[in-house]
Every structure is written in C-alpha cells, then in structure tokens.
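**Student:** Structure provided below as structure tokens; questions to follow.
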Amino acid sequence: MDWRKLKGNPFFKPGSKMFFATGAVCLGLIWLIIRIILNIIGKPLGTDSSEEEYFLLLSFSSLLTTYLLGYIIFTKISVDDIVQQKYDNIMNSLVYDDEGKKIYPGDPRQNFTNAQWLRLSIMQHLDLLEVAATSEKNKAVQLKLMRDKTQPDKDPIQYADIVTMLSKKLTNIGDFEEAEAICRKSLATISPEHKTAFGQIKAALGVVLKRRGQIDDAVNELSGAASIISQDEPLRWILVNKDLLRLQFLASGTIPESSKLEMIHDKLISLCKSNFGNQNHIDSWRLSAALESYYDLYSIFLASEGQIQWALRYSYAAVVLAENRTGIQASTYSTSHLSRLLMLEGDFENAMIMLDSKRSYLDQRGDSRGWLSYNLARCKFGLGEFEEAIDLYNETIDMKATDAETMLKAYIGLSFAHQRLGNVQM
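The following block contains the structure:
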C-alpha cells in the first residue's frame, strides 16, 4: 500500500481538525476491541482486581496501542518529508575542514534509517557522497554499488550521473583502464534513445580517453556527445562543450569554434542569475566549478592569441574561484595553467613560489600530482637548474596518476634537460 496517498486526506493530515477526530475515533475503536478481547480471555489482573483497575489497564493499553499505530502510519505518510528535512539539515551543517573544503563531519548515512536511506533520490545520494569526508577510493566503491542497483532504462539520467562521477573518481586515483571499461560497458547498456544520458556517458568516455592520450578517439566521443545533449540541459551542455573545446585546443593548438566560448559564457551568466546555485551547497559548488573551468579555458584561448596579460587575469580569476571552493591550500588544475602563463612571461620565480606552496601542502598529506611536478621541472629548466629539472621530470613520469599528455611532455622536457647537460646517452 502506498501510504503517501493518504497525505492529502484531511483525516490524516497533521494540524487538521479532522486529524484529531480520526485519532479520537481510532482510540474508541481500539478501546472497544481490547475490551472485547479481555472479556474473552478473562480479566488479566485476577479475581481480586477492582473495576477501576480493570478500566485503567484497558484505557492505558488502548492509548498506547493508538499512539504506536498512529506513529507508524504518520511515519509512513511523512517519510519523504522526514528524509528531505534530514538531507537539508546535513547540507546546512557543512563545515570547513583543515584543507578549507566544505564537508560533512562524519558519515551522512548515520542520520538515516535503512528505510529512509532507500527513499533518497540518486541525486541526493550523489550530493551526500560529494560532501562526505571519505577518500576517493571509498567513494568509487560506493558509486559502483549504486550503479549496480540503478536500472538504466527506468532512471537513465541518474544512471548517467553515477557513471560520470564514478569515471572521475577512478581517473583521480589513476585507474584509467577501469574508468574506460566502465564507460564503454555503460554505453552498451543504455539505449541511445535516452539522448541526454547517452551523450553524458559518451562525454565521460571522451574525457577518460583524453587522459589516456587517445586524442582522436576522445574528439570523436566528445563531438558525438556535444551533438546529442540539448541546450535545455544548460549545465550538462556547458560541461560537454567546454570539454570538447579544451580537447580541440589540445589536438590542434587552437579553438576552431571560438564563438562557442561566448555561447558558454552566456549560458553561465543565465545560470548565475537564476536560482540554480541557491538550492543547496552542491549546486553552488557545481556552478562555481563550471565558472572556474570556463575562465581557465578562456585564458588558454587568449594566450594562444598572444594576449598574455588578459590570459593571466582570467587564469587568476579561475584560481580564486577554485580556492574559494576547495580551500586556499588545495591544488587545482587552474593553478597549473596560471603557473604556465607566468613561465611564458619569464616569471619563473613567482611560478616557483606558487608551485612550492602547493607541493609542501601535498607532501604533508602524502599526496602527489603529476602536473605539479612537471611544472616545477619547467621552472627549474627555465632557471637553468637542469639536474633538479631532470629529477622532477622523472618523478612526473613515475607517478601513477599522471595523465598521458603530461607524461609525454615530461619525456620531451627530460630529453631537452639531458641535452643541456651534454648527456648523449640517457
């Protein structure tokens, strides 16, 4: 029985006068039923019990039974409201951790019963997983379980959101092959009729292929995704087109459809003016991430056009957005691009200071980033410290999480550094 259908009935709506009438009628019926039962089995207090004691027991039993029955029915009717309230309380209880990131201190699941946990929507599960203070590896494990329990034909968008987030978590920990396999398997599972979901998974596959260095295949997947996803899904449309433009720049050194940058910007402005980012912290986080990525992409485009000063300004804006979202000390991809632009200006000292602060922070966490070591190597190369540059290039190559593009550049830089030192054999 779907108890939630009773929610609109005035007889079962808390605060309604009819609700109290329902309770009174139920109490009377239960009192009568219990009295009939007691008359059948005999007075439980024995032959010495008085009539007052008998009716006291009868009334207490009736009241307790009515309360428990009412609580069960009320819980079943109001379960969605209870779950939403607990979800909102978690989102309003986020705190800054030592890294400056907004997280929920503890396991969000502890706030829900098993039945309530199952009532959460897929998006709510993903939101809670995003703010949970757990490792990327643990999040990947939970996402795999969620993917296995989600039916792509019934919930295609939710299925695509899970696969997209799972592929990101796997690439973050360096499991590129598994991320690609999951995306391809998901594409074979979901029907192309679900255009938005199908396009989103194709886009996720394209990003994974890019990280693996398979540029041509990545361009094909992202181009296909961009042609499928409609502008009626503004944030999804922004993300896939932004990833496509970034990949096209990587492949050809230019952005063939620069007008799309303005289209993306217009969509972002529209989202900022809407109520999208005010619903909860996660939506605000997603919008901030999209803005950061756009400013970072636009700075790359300006640099390719020779407008280095303007590129630096947009890149700095991207870094500010990233650090506002993930903490002042957190390492970001935008910081990588800003340091590269500083190197183009010959400002290796400031680039080195910026990167060293990130490196010391990551060393304290026992973490590593391929792009960070690579850019530090470039700084050392620019300052003429070739032996230290060689060590950093080798460090970049040996890291599991280094993507194919950065690794290729590290090999090239390593070769030039050895040439500067006169090392013919490497």
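Residue numbers (the numbering used here): 30 to 455. Using N, Cα and C, we set each Cβ at its ideal position, and we do this for glycine too. All figures in this text were calculated on a predicted structure; none of them were measured in a lab.
(1) Below 7 Å CB to CB, which residues in the same chain sit around residue 76 once its five sequence neighbours on both sides are set aside?
(2) Nearest-angstrom Cα distance between residue 417 and residue 429?
(3) What's the call for residue 25, buried or exposed, on a 16-neighbour Cβ count within 10 Å?
(4) Along the alpha helix (DSSP H) that carries residue 411, what are the first and last residues, could you check?
(5) Please determine, among 257, 226, 205 and 220, the residue with the shortest C-alpha to C-alpha distance to residue 243.
(6) Can you have a look at residue 449 and say buried or exposed, based on whether 16 or more other CB atoms are within 10 angstroms of its CB?
(7) For residue 168 and residue 266, I'd like the C-alpha separation in whole angstroms.
(8) For residue 219, does the three-state DSSP call read helix, strand or coil?
(9) If you follow the alpha helix (DSSP H) that residue 422 is in, where does it begin and where does it stop?
(10) If you drop the 5 nearest sequence neighbours on each side, which residues of the same chain put their C-beta closer than 6 Å to that of residue 188?
(11) Take residue 427 as the anchor and find which of 400, 141 and 285 has the nearest alpha-carbon.
(12) Have a look at residue 241 and residue 136 and give me their C-alpha separation to the nearest angstrom.
(13) Whole-angstrom Cβ separation of residue 225 and residue 262, contact assumed at under 8 Å?
(14) Shortest alpha-carbon distance to residue 382 belongs to which of 286, 368, 441 and 276?
(15) Look at the alpha carbon of residue 328 and the alpha carbon of residue 371, and state the distance between them as a whole number of angstroms.
(16) Please report the straight-line C-alpha distance between residue 358 and residue 222, rounded to a whole angstrom.
(17) When the distance is taken between beta carbons, is residue 290 closer than 8 Å to residue 227?
(18) For residue 388 versus residue 405, is the C-beta spacing smaller than 8 Å?
(19) If we call anything under 8 Å between Cβ atoms a contact, is residue 208 one with residue 248?
(20) Quick test of your reading: residue 216 and residue 234, contact by CB under 8 Å. State the CB separation rounded to the nearest angstrom.
(21) What three-state label does DSSP hand residue 132 in the structure shown?
(22) Would you mind reading off the limits of the alpha helix (DSSP H) that contains residue 283?
(23) Which residues mark the beginning and the end of the alpha helix (DSSP H) in which residue 171 is found?
(24) Could you work out which residue in 186, 319 and 192 is closest to residue 171 when comparing CA atoms only?
(25) I'd like to confirm the pairing. Which residues does DSSP put opposite residue 514 in its beta bridges?
(26) Can the beta-carbon of residue 442 be found less than 8 Å from the beta-carbon of residue 410?
(27) Quick check: the Cα distance between residue 115 and residue 313, rounded to an integer number of angstroms?
(28) Answer with buried or exposed for residue 445, where buried requires no fewer than 16 other C-beta atoms within 10 angstroms of its C-beta.
(29) Taking residue 445 as part of the alpha helix (DSSP H), name the residues at either end of that continuous run.
(30) Distance check for residue 123 and residue 385, CA to CA, integer angstroms please.
(31) Tell me, which residues are paired with residue 347 by DSSP?
(32) Tell me, to the nearest whole angstrom, how far the beta carbon of residue 162 is from that of residue 134; I am working on the premise that it is less than 8 Å.
(33) Here's the rule: buried if 16 or more other CB atoms are within 10 angstroms of the residue's CB, otherwise exposed. What is residue 304?
(34) Determine the burial state of residue 334: buried for a count of at least 16 other Cβ atoms within 10 Å of its Cβ, exposed for fewer.
(35) Taking its Cβ as the centre, do 16 or more other Cβ atoms sit within 10 Å of residue 283, making it buried, or is it exposed?
(36) Tell me which residues share the same chain as residue 271 and place their Cβ nearer than 8 Å to its Cβ, disregarding the 5 neighbours each side in the sequence.
**Tutor:** Concretely, from the data shown:
(1) Within the sequence shown, residue 76 is the residue found at index 47, counting from 1. In this predicted model, residue 76 has a pLDDT of only 48, less than 50, meaning its place in the structure is not dependable; the value taken from the coordinates is given anyway. Answer for residue 76: no residue qualifies.
(2) Translated into positions along the sequence shown, residue 417 becomes position 388. Translated into positions along the sequence shown, residue 429 becomes position 400. Taking the straight line from one Cα to the other gives about 21 Å.
(3) Residue 25 is absent from the model: the chain starts at 30 and stops at 455.
(4) Looking up residue 411 in the sequence shown gives position 382. Residue 411 -> alpha helix (DSSP H) spans 399-411.
(5) Taking the first residue of the sequence shown as 1, we reach residue 243 at position 214. The shortest C-alpha separation from residue 243 is found at 205.
(6) Counting from one through the sequence shown, the residue named residue 449 turns up at place 420. It counts as exposed.
(7) In the sequence shown, the residue the question calls residue 168 occupies position 139. In the sequence shown, the residue the question calls residue 266 occupies position 237. In a straight line, the C-alpha of residue 168 is about 25 Å away from that of residue 266.
(8) Within the sequence shown, the letter at position 190 stands for residue 219. In the structure shown, residue 219 sits in coil (DSSP, three-state: anything other than H, G, I, E or B).
(9) Taking the sequence shown and counting its residues from 1, one reaches residue 422 at position 393. Residue 422 -> alpha helix (DSSP H) spans 415-427.
(10) Along the sequence shown, read from residue 1 onward, the residue named residue 188 stands at position 159. Correct list, in chain order: 179 and 181.
(11) For this step, residue 427 is matched to residue 398 along the sequence shown. Selected option, being the one with the closest Cα: 400.
(12) Looking up residue 241 in the sequence shown gives position 212. Looking up residue 136 in the sequence shown gives position 107. Residue 241 and residue 136: Cα-Cα distance of roughly 33 Å.
(13) Here residue 225 refers to the residue found at position 196 of the sequence shown. Here residue 262 refers to the residue found at position 233 of the sequence shown. About 6 Å; that satisfies the 8 Å criterion.
(14) Translated into the one-based positions of the sequence shown, residue 382 becomes position 353. Considering only alpha carbons, the answer is 368.
(15) The count along the sequence shown starts at 1 and reaches residue 328 at position 299. The count along the sequence shown starts at 1 and reaches residue 371 at position 342. Spanning the two alpha carbons is a distance of roughly 12 Å.
(16) For the purposes of this step, residue 358 is taken as the residue at position 329 of the sequence shown. For the purposes of this step, residue 222 is taken as the residue at position 193 of the sequence shown. Model confidence at residue 358 stands at a pLDDT of 49, short of 50, so the residue's coordinates are unreliable and nothing is read from them.
(17) As a working note, residue 227 is residue 198 in the sequence shown. As a working note, residue 290 is residue 261 in the sequence shown. No, these two residues do not count as a Cβ contact at 8 Å.
(18) In the sequence shown, residue 388 corresponds to position 359, counting from 1. In the sequence shown, residue 405 corresponds to position 376, counting from 1. Yes, Cβ-Cβ distance for residue 388 and residue 405 is below 8 Å.
(19) Here residue 208 corresponds to residue number 179 of the sequence shown, with the count starting at 1. Here residue 248 corresponds to residue number 219 of the sequence shown, with the count starting at 1. Cβ distance not < 8 Å, so residue 208 and residue 248 don't count as in contact.
(20) Taking the sequence shown and counting its residues from 1, one reaches residue 216 at position 187. Taking the sequence shown and counting its residues from 1, one reaches residue 234 at position 205. Confirmed, Cβ separation roughly 7 Å.
(21) Counting from 1 along the sequence shown, the entry for residue 132 is found at position 103. Strand at residue 132.
(22) As a first step, residue 283 is located in the sequence shown; it is residue number 254 there, counting from the start. Where residue 283 is concerned, there is no enclosing alpha helix (DSSP H), given that its DSSP letter is neither H nor E.
(23) Position 142 of the sequence shown, counted from the start, is the residue given in the question as residue 171. Run containing residue 171: 165-178, per the alpha helix (DSSP H) assignment.
(24) Numbered from 1 along the sequence shown, position 142 holds the residue referred to as residue 171. Comparing Cα-Cα distances from residue 171 to each of 186, 319 and 192, the minimum goes to 192.
(25) Residue 514 lies beyond the residue range present for the chain, which begins at 30 and ends at 455; the question has no answer from this structure.
(26) On the sequence shown, position 413 is the one that residue 442 refers to. On the sequence shown, position 381 is the one that residue 410 refers to. Result yes, Cβ atoms of residue 442 and residue 410 sit closer than 8 Å.
(27) Here residue 115 corresponds to residue number 86 of the sequence shown, with the count starting at 1. Here residue 313 corresponds to residue number 284 of the sequence shown, with the count starting at 1. Rounded to the nearest angstrom, the two C-alpha atoms are 19 Å apart.
(28) Within the sequence shown, residue 445 is the residue found at index 416, counting from 1. Exposed, by the Cβ-count rule.
(29) Looking up residue 445 in the sequence shown gives position 416. Start and end: 433-449.
(30) Working through the sequence shown from its first residue, we reach residue 385 at position 356. Working through the sequence shown from its first residue, we reach residue 123 at position 94. Going by the C-alpha atoms only, they are around 30 Å apart.
(31) Locating residue 347 in the sequence shown gives position 318, counting from the first residue. Its beta-bridge partners do not exist; DSSP assigns none.
(32) Locating residue 162 in the sequence shown gives position 133, where the first residue counts as 1. Locating residue 134 in the sequence shown gives position 105, where the first residue counts as 1. Going by Cβ atoms, the distance from residue 162 to residue 134 rounds to 6 Å, so yes, they are a contact pair.
(33) Position 275 of the sequence shown, counted from the first residue, corresponds to residue 304. The residue in question, residue 304, is exposed, as its Cβ has fewer than 16 Cβ neighbours within 10 Å.
(34) Position 305 of the sequence shown holds residue 334. Exposed, by the Cβ-count rule.
(35) For the purposes of this step, residue 283 is taken as residue 254 along the sequence shown, with counting starting at 1. Answer is exposed; the Cβ neighbour count stays below 16.
(36) Within the sequence shown, the letter at position 242 stands for residue 271. Around residue 271: 293, 319, 322, 323 and 326.
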